[in-house]
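Going by the UniProt record's numbering, the first residue of the sequence shown is number 1, and it counts up by one from there.
Ideal Cβ positions, reconstructed from N, Cα and C, are used throughout, including at glycine.
Values in this document were obtained by computation on a predicted structure and should not be read as measured data.
Structure first, commentary second.
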Amino acid sequence: MITPYDLGATLYMPATRNDLFQVIAQNKYPNLKSLVICLEDAVVEKEIKLGIENLSQLLANIADLNLKDAPLIFIRPRNIPMAKTLIDRLDLSKVTGFVLPKFELDQVEEWSQTLASTHLLAMPTLETANCFDATKMNILANTMRNDAYFSRKTIVLRIGGNDLMHVLGIRRNRSRTLYDGPLGYVIKMIVCIFGAQGFYMTAPVCEIIDSPTVLLAELEIDNEHGLVGKTAIHPKQIEHINNAFKVQVTDYLDALKILNSNSAVFQSNGAMCEPATHHMWAQNIVSRSQSYGFADEVPHSIYEQHQSEKIL
Numbered sequence: 001m002i003t004p005y006d007l008g009a010t011l012y013m014p015a016t017r018n019d020l021f022q023v024i025a026q027n028k029y030p031n032l033k034s035l036v037i038c039l040e041d042a043v044v045e046k047e048i049k050l051g052i053e054n055l056s057q058l059l060a061n062i063a064d065l066n067l068k069d070a071p072l073i074f075i076r077p078r079n080i081p082m083a084k085t086l087i088d089r090l091d092l093s094k095v096t097g098f099v100l101p102k103f104e105l106d107q108v109e110e111w112s113q114t115l116a117s118t119h120l121l122a123m124p125t126l127e128t129a130n131c132f133d134a135t136k137m138n139i140l141a142n143t144m145r146n147d148a149y150f151s152r153k154t155i156v157l158r159i160g161g162n163d164l165m166h167v168l169g170i171r172r173n174r175s176r177t178l179y180d181g182p183l184g185y186v187i188k189m190i191v192c193i194f195g196a197q198g199f200y201m202t203a204p205v206c207e208i209i210d211s212p213t214v215l216l217a218e219l220e221i222d223n224e225h226g227l228v229g230k231t232a233i234h235p236k237q238i239e240h241i242n243n244a245f246k247v248q249v250t251d252y253l254d255a256l257k258i259l260n261s262n263s264a265v266f267q268s269n270g271a272m273c274e275p276a277t278h279h280m281w282a283q284n285i286v287s288r289s290q291s292y293g294f295a296d297e298v299p300h301s302i303y304e305q306h307q308s309e310k311i312l
């Protein structure tokens with residue numbers, strides 16, 4: 001079963017790229033957990049046909065391959081009509097899902113009807129002016145929660161940082177995180193609204209490629225907000241992103257104690273643990289550890305003991 005924690009660093013690649021087969025089938029980026037083949041913003045209008053042809057050939061080439069260790073494949077169509085065309089004409093058997101660009105309330109029903117008869121998971125992208133309106137986001141979250149398709153098949157919602165900054169006519173400061181600017185409010189609001197409805201979210205891209213300092217600082221805050229992965233735009237970001245989601249051993253052991261405790265409240269590692277309120281956090285920590293591993297060494301005896309006791 002695919003979980004939100006299986007996404008890790010999600011690398012965006014234009015559908016026109018000539019190395020997609022190498023990335024998917026030949027382990028070009030060994031630690032890559034997921035990728036998005038983009039037919040939207042990353043492809044100019046005049047190259048759409050080329051991108052679809054390239055994607056069609058790629059899918060034909062991988063149709064009969066064993067892709068057990070390959071990254072999860074998502075496709076980002078330009079719009080709903082293009083999505084319908086791809087579903088009708090291409091072999092999507094090795095594709096995990098679609099990224100839904102510029103996702104808004106008036107698209108919920110049509111996207112749901114388009115995808116309901118497929119195996120595809122959805123990654124709706126929140127990246128329009130409506131994202132700045134908490135009331136509209138509440139309505140969207142509730143509508144998705146009550147929709148038969150989106151309530152079951154939404155693996156994560158993506159927060160489109162660059163598009164949201166475009167709405168404001170700004171670009172990020174190269175030396176500061178997204179959270180230091182106006183998008184800090186938007187991310188917090190989206191996390192609270194959609195998280196309360198049971199949805200998982202991934203963090204916006206960090207387009208500062210030449211230095212990991214800002215990326216690492218931003219990843220720390222991504223984790224504090226409960227975001228479960230992050231868009232990558234360059235292969236050198238993959239390792240940093242995946243490492244940032246590794247679990248601290250102390251958190252892991254606390255999580256197992258919480259999941260297995262018969263006590264209403266207890267102390268562990270100098271902090272209060274209350275299973276009634278920390279249960280979901282604990283489940284998320286265990287899931288993260290299964291996908292990313294640990295940031296520090298786990299004593300073997302403790303690991304084996306808790307592996308046999310843990311409750312998922």
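Residue i (DSSP reduced to helix, strand or coil)
{"i": "residue 179", "result": "helix"}
{"i": "residue 35", "result": "strand"}
{"i": "residue 267", "result": "strand"}
{"i": "residue 89", "result": "helix"}
{"i": "residue 293", "result": "coil"}
{"i": "residue 206", "result": "coil"}
{"i": "residue 58", "result": "helix"}
{"i": "residue 72", "result": "strand"}
{"i": "residue 1", "result": "coil"}
{"i": "residue 78", "result": "coil"}
{"i": "residue 17", "result": "coil"}
{"i": "residue 105", "result": "helix"}
{"i": "residue 275", "result": "helix"}
Between the CA atoms of residue j and residue i - distance to the nearest angstrom
{"i": "residue 12", "j": "residue 238", "result": "11 angstroms"}
{"i": "residue 84", "j": "residue 258", "result": "45 angstroms"}
{"i": "residue 244", "j": "residue 117", "result": "36 angstroms"}
{"i": "residue 256", "j": "residue 279", "result": "10 angstroms"}
{"i": "residue 66", "j": "residue 55", "result": "18 angstroms"}
{"i": "residue 215", "j": "residue 240", "result": "8 angstroms"}
{"i": "residue 31", "j": "residue 73", "result": "14 angstroms"}
{"i": "residue 40", "j": "residue 221", "result": "28 angstroms"}
{"i": "residue 37", "j": "residue 251", "result": "35 angstroms"}
{"i": "residue 184", "j": "residue 178", "result": "6 angstroms"}
{"i": "residue 191", "j": "residue 208", "result": "23 angstroms"}
{"i": "residue 272", "j": "residue 266", "result": "6 angstroms"}
{"i": "residue 64", "j": "residue 197", "result": "38 angstroms"}
{"i": "residue 219", "j": "residue 173", "result": "16 angstroms"}
{"i": "residue 59", "j": "residue 27", "result": "16 angstroms"}
{"i": "residue 82", "j": "residue 70", "result": "26 angstroms"}
{"i": "residue 20", "j": "residue 35", "result": "10 angstroms"}
{"i": "residue 33", "j": "residue 75", "result": "15 angstroms"}
{"i": "residue 254", "j": "residue 61", "result": "46 angstroms"}
Buried versus exposed call for residue i [16 or more other C-beta atoms within 10 Å across all chains shown]
{"i": "residue 52", "result": "buried"}
{"i": "residue 202", "result": "buried"}
{"i": "residue 313", "result": "Summary: the structure shown does not reach residue 313, with the chain confined to residues 1 through 312, and so no result is reported for it."}
{"i": "residue 148", "result": "exposed"}
{"i": "residue 204", "result": "buried"}
{"i": "residue 297", "result": "exposed"}
{"i": "residue 277", "result": "exposed"}
{"i": "residue 159", "result": "buried"}
{"i": "residue 282", "result": "buried"}
{"i": "residue 263", "result": "exposed"}
{"i": "residue 270", "result": "exposed"}
Beta strand (DSSP E) segment containing residue i, residue limits
{"i": "residue 121", "result": "121-126"}
{"i": "residue 65", "result": "Premise fails: residue 65 is in no beta strand (DSSP E) and is neither H nor E."}
{"i": "residue 10", "result": "9-14"}
{"i": "residue 232", "result": "230-232"}
{"i": "residue 247", "result": "Element bounds for residue 247: n/a, residue is neither H nor E."}
{"i": "residue 100", "result": "97-100"}
Unbroken alpha helix (DSSP H) run spanning residue i, endpoints
{"i": "residue 153", "result": "150-153"}
{"i": "residue 25", "result": "20-25"}
{"i": "residue 145", "result": "134-145"}
{"i": "residue 161", "result": "161-168"}
{"i": "residue 221", "result": "212-224"}
{"i": "residue 113", "result": "108-115"}
Heavy atom of the ligand ATP within 8 angstroms of residue i beta-carbon
{"i": "residue 74", "result": "Inclusion of the ligand ATP in the displayed structure is not the case, the ligand content being empty and no account of it being possible."}
Residues near residue i in its chain [Cβ-Cβ closer than 7 angstroms; skip 5 each side]
{"i": "residue 50", "result": "16"}
{"i": "residue 110", "result": "80"}
{"i": "residue 287", "result": "3, 5"}
{"i": "residue 293", "result": "246"}
6 angstroms CB neighbourhood of residue i in its chain, flanking five on each side removed
{"i": "residue 47", "result": "16"}
{"i": "residue 153", "result": "121, 122"}
Any chain B beta carbon closer than 9 angstroms to residue i
{"i": "residue 126", "result": "The structure shown has no chain B; it contains just one protein chain."}
8 angstroms CB neighbourhood of residue i in its chain, flanking five on each side removed
{"i": "residue 168", "result": "182"}
{"i": "residue 129", "result": "167"}
{"i": "residue 105", "result": "130, 136, 139, 140, 143"}
{"i": "residue 107", "result": "80, 100"}
{"i": "residue 248", "result": "294, 295, 296"}
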